[in-house]
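Report on the following structure.
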Amino acid sequence: MANGIGDVILEVNDLRTYIYTRTSVVKAVDGISFDLRKGETLGIVGESGCGKTMTALSLLQLVPKPAGRIVAGEILLNGEDLVQKSEDEMRHVRGQQISMILQDPQTSL
1 MANGIGDVIL EVNDLRTYIY TRTSVVKAVD GISFDLRKGE TLGIVGESGC
51 GKTMTALSLL QLVPKPAGRI VAGEILLNGE DLVQKSEDEM RHVRGQQISM
101 ILQDPQTSL
């Protein structure tokens, strides 16, 4: 699918990622929605512990298992729902179509 300038390439709708402990459920990401258009750069900022890293891990399907899992929402990358992709399919997506720069970008670049 060819994208023109300004076309939505990433759409996140009502994403919810929870971490299950023995005694409780931590709502690490609780209903975030946003989109990213071709040519845009997205930075996620916020206070410590607000879910930035867990949001990024969710987009990459790298939520720590078995305790963590995406319980609702969709992550559409060029119209394909990443939540429905297998681990093997995601290996082809990560680094090629979507990636994350960690807190110290010099170690990532």
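At position 29 of the sequence shown (counting the first as 1) the number is 29 in UniProt numbering, and the numbers step up by one without a gap.
Cβ atoms here follow ideal geometry from the backbone N, Cα and C, with glycine treated the same way.
Chain-order list of residues whose beta-carbon lies under 6 angstroms from that of residue 19 (same chain, five-residue window excluded): So the qualifying residues of the chain are 26, 28, 67 and 68.
Whose CA, out of 16, 70, 11 and 55, lies closest to the CA of residue 36? That would be 11, whose Cα lies nearest to the Cα of residue 36.
Which residues in the same chain have their Cβ closer than 7 angstroms to the Cβ of residue 42, if we skip the five residues on either side of it in sequence? 36, listed in sequence order.
Between the alpha carbons of residue 70 and residue 46, how many angstroms are there, rounded? Their Cα atoms are separated by approximately 21 angstroms.
When you compare only the Cα positions, how much space is there between residue 74 and residue 34? Computed Cα separation, rounded: 11 angstroms.
Cβ of residue 13 within 8 angstroms of any chain B Cβ: Of the chains in the structure shown, none is chain B; there is only one protein chain.
Contact belief for residue 93 with residue 77 at Cβ below 8 angstroms, rounded distance in angstroms: Confirmed, Cβ separation roughly 7 angstroms.
Could you work out which residue in 72, 17 and 39 is closest to residue 8 when comparing CA atoms only? The shortest Cα separation from residue 8 among 72, 17 and 39 belongs to 39.
Could you give the uninterrupted runs of the alpha helix (DSSP H) lying entirely in the UniProt domain "ABC transporter" (30-106), keeping only those of 4 residues or more? List check, alpha helix (DSSP H) in window: 52-59 and 87-93.
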